[in-house]
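*Asks:* Residue numbers (UniProt numbering): 1 to 407. Got a structure for you, questions after.
Laid out in structure tokens, this is it:
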């Protein structure tokens with residue numbers, strides 16, 4: 001990656017635009033502020049922080065798990081949209097960074113990601129032209145295709161060869177050919193298209209299940225079996241074709257069903273949320289959480305919010321809301337507080353959230369001004385609310401880095 005551009009991120013000067021950064025840091029570069037050793041409790045609320053230790057643990061644990069099973073990893077960059085974290089994932093052995101659309105691909109290209117997997121269809125002619133320009137500049141890209149239009153648009157725009165994966169979907173899913181037969185027709189069209197190379201197959205097993213019961217896992221296995229069948233039915237224009245699947249919940253099933261293809265293919269997982277993990281949806285559904293084969297992961301992202309009001313005996317109102325914390329999968333989970341009162345966080349919950357306020361019940365023992373620590377669910381919708389996220393050393397309690405996001 002482009003180390004000059006990555007280092008340059010810390011040359012930004014902190015000011016009123018940076019939510020969660022103390023006013024005392026305004027006028028300093030990010031590098032100067034970090035060098036001063038700011039304590040995490042001095043960060044104004046609402047704020048979210050990353051654990052340096054949890055990030056490192058998750059990074060190494062997932063890399064080792066993949067290596068032991070002969071799998072490659074192309075983590076989905078949309079989870080964080082943070083080139084600094086992408087660089088760490090690549091340094092730990094990731095083969096590529098996955099993105100969801102041309103804008104995200106542009107961020108990856110800007111920061112010099114050497115191999116970019118665009119896990120989506122490209123139907124906008126202007127986007128197809130832009131991708132062609134990046135390919136001419138040396139970007140190694142791979143796209144998905146499930147129909148004639150994306151193929152034609154990219155083929156017409158391309159002036160150099162671009163790799164394409166045939167995407168197999170599922171009924172009701174968000175993309176992908178709806179049958180093996182339809183996918184074979186897409187592949188035939190790709191083979192005949194100028195400047196495109198049929199480089200493998202891809203899919204997303206999360207489109208067929210969302211829970212962890214036996215029937216859900218069986219549906220995932222059946223779908224992945226179809227993807228393996230599609231792979232076996234095609235002749236590819238590369239010596240090492242790709243077969244790609246794997247969100248952050250069922251990557252163990254990908255290892256079981258698609259892993260045996262590894263001698264003939266690059267089995268490429270696209271799991272993205274493993275690096276940050278969470279206290280909610282992934283804490284329930286990742287392989288290790290349900291007794292499957294997977295690395296033990298640690299939640300790296302937490303929120304902090306201040307009690308603004310105690311209007312009722314059991315209720316506290318906190319200063320964080322939808323603008324600050326994720327709420328699409330689960331509401332924040334109370335973990336603890338900095339106050340002197342005797343408060344049982346395990347008996348508390350957050351039943352409601354509004355734009356700028358979080359409701360917390362089971363609040364007996366909390367006082368106005370107390371700061372509550374919150375577990376979060378679904379990192380993909382947490383990072384997009386913050387342009388700069390402090391990284392905290394859990395042992396010292398000091399801010400040791402800051403991660404930029406680009407949404």
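The beta-carbon is built from N, C-alpha and C at its ideal position, and this holds for glycine as well.
1) Provide the residue span of the alpha helix (DSSP H) that contains residue 62, from first to last.
2) Only counting the same chain, and skipping five residues up and downstream in sequence, which positions put a Cβ closer than 6 Å to that of residue 70?
3) What are the boundary residues of the alpha helix (DSSP H) that residue 89 is part of?
4) Tell me the rounded alpha-carbon separation between residue 420 and residue 87.
5) Which two residues bound the contiguous beta strand (DSSP E) that contains residue 356?
6) Do you know whose CA, among 50, 2, 245, lies nearest residue 275's CA?
7) What first and last residue would you give for the beta strand (DSSP E) that runs through residue 392?
8) Check each candidate in 174, 153, 165 and name the one with the smallest Cα separation from residue 124.
9) Going by CA-CA distance only, name the one from 405, 295, 257, 394 that's closest to residue 68.
10) For the segment 186-256, which segments carrying the alpha helix (DSSP H) assignment without a break, of at least 4 residues, lie completely within its bounds, in sequence order?
11) Considering only residues of the segment 19-52, which uninterrupted beta strand (DSSP E) runs meet the minimum length of 3 residues and lie entirely inside it, listed in chain order?
12) Identify which residue in 227, 143, 199 has its Cα closest to the Cα of residue 259.
13) Residue 122 and residue 150 - do their beta-carbons sit closer together than 8 Å?
14) Can at least three beta-carbon pairs, one atom from the segment 278-293 and one from the segment 27-44, be found at a separation below 8 Å?
15) Quick check: residue 357 and residue 318, are their CB atoms within less than 8 Å of each other?
16) Between the Cα of residue 383 and the Cα atoms of 407, 399, 391, 313, which residue gives the shortest distance?
17) Between which two residues does the beta strand (DSSP E) harbouring residue 268 extend?
18) Give me the DSSP bridge partner(s) of residue 349.
19) Between which two residues does the beta strand (DSSP E) holding residue 334 run?
20) Which residue wins for smallest C-alpha separation from residue 393, given the options 322, 301, 404, 246?
21) What do you reckon, are the CB atoms on residue 334 and residue 348 nearer than 8 Å?
22) Assess contact between the segment 208-224 and the segment 183-192, defined as three or more Cβ pairs (one per stretch) separated by less than 8 Å. Is contact present?
23) For residue 82, which of 174, 251, 272 has the nearest alpha-carbon?
24) Could you tell me which residues DSSP pairs with residue 380 in its beta bridges?
25) From the DSSP output, in three-state form, read off residue 297 for me.
26) Grab the span of the beta strand (DSSP E) containing residue 8 for me, first residue to last.
27) Using three-state DSSP, classify residue 287 as helix, strand or coil.
28) If you reduce the DSSP assignment to three classes, tell me which class residue 178 lands in.
29) Once DSSP output is grouped into helix, strand and coil, what is the label at residue 156?
30) From this set, 76, 238, 175, 21, which residue's C-alpha is nearest residue 266's C-alpha?
31) Would you mind stating whether residue 164 and residue 115 have Cβ atoms separated by less than 8 Å?
32) At the level of alpha carbons, what is the spacing between residue 55 and residue 391?
33) Output the distance between the C-alpha atoms of residue 387 and residue 404, rounded to the nearest integer angstrom.
34) How would you label residue 102, buried or exposed, when you count the other beta carbons within 10 angstroms and need 16 or more for buried?
35) Are residue 331 and residue 38 touching if we call contact CB-CB under 8 Å?
36) Go ahead and pull the three-state DSSP assignment for residue 14.
*Replies:* Walking through what the data contain:
1) Residue 62 -> alpha helix (DSSP H) spans 52-68.
2) So the qualifying residues of the chain are 262.
3) Residue 89 -> alpha helix (DSSP H) spans 83-91.
4) Coverage of the chain is limited to positions 1 through 407, which leaves residue 420 absent and any answer about it impossible.
5) From DSSP, residue 356 is part of no beta strand (DSSP E); its letter is neither H nor E.
6) For the residues 50, 2, 245, the minimum Cα distance to residue 275 belongs to 50.
7) Where residue 392 is concerned, the enclosing beta strand (DSSP E) stretches over 388-392.
8) Out of 174, 153, 165, 153 has the C-alpha closest to the C-alpha of residue 124.
9) When only C-alpha atoms are compared, the closest one is 295.
10) With a minimum length of 4 residues, the continuous alpha helix (DSSP H) runs that stay inside the segment 186-256 are 214-232.
11) With a minimum length of 3 residues, the continuous beta strand (DSSP E) runs that stay inside the segment 19-52 are 47-51.
12) Cα-wise, what sits closest to residue 259 is 227.
13) In contact: residue 150 and residue 122 (Cβ atoms closer than 8 Å).
14) With the cut-off at 8 Å, the segment 278-293 and the segment 27-44 do not touch.
15) Taking C-beta atoms as the reference points, residue 357 and residue 318 count as a pair closer than 8 Å.
16) Here the closest residue by C-alpha is 407.
17) Counting along the chain, residue 268 sits inside the beta strand (DSSP E) bounded by residues 266-269.
18) As a beta-bridge residue in DSSP terms, residue 349 pairs with 361.
19) Per DSSP, residue 334 belongs to the beta strand (DSSP E) from 333-337.
20) Taking each of 322, 301, 404, 246 in turn and checking the Cα distance to residue 393, the smallest one comes out for 301.
21) The beta carbons of residue 334 and residue 348 sit closer together than 8 Å.
22) Below 8 Å, too few C-beta pairs join the segment 208-224 and the segment 183-192 to call them touching: fewer than three.
23) Relative to residue 82, the option among 174, 251, 272 whose CA is nearest is 272.
24) Answer is none; residue 380 lacks a bridge partner.
25) Note: residue 297 maps to coil in three-state DSSP.
26) Segment 3-8 is the alpha helix (DSSP H) holding residue 8; no beta strand (DSSP E) there.
27) Of the three classes helix, strand and coil, the one that applies to residue 287 here is helix, per DSSP.
28) Coil.
29) Residue 156: helix per DSSP, three-state reduction.
30) Ranking the options by Cα distance to residue 266, first place goes to 238.
31) No.
32) When rounded, the distance between both Cα atoms is 9 Å.
33) The C-alpha of residue 404 is placed about 6 Å away from the C-alpha of residue 387.
34) Classification for residue 102: buried.
35) At least 8 Å separates the beta-carbon of residue 331 from that of residue 38.
36) Coil at residue 14, not helix or strand.
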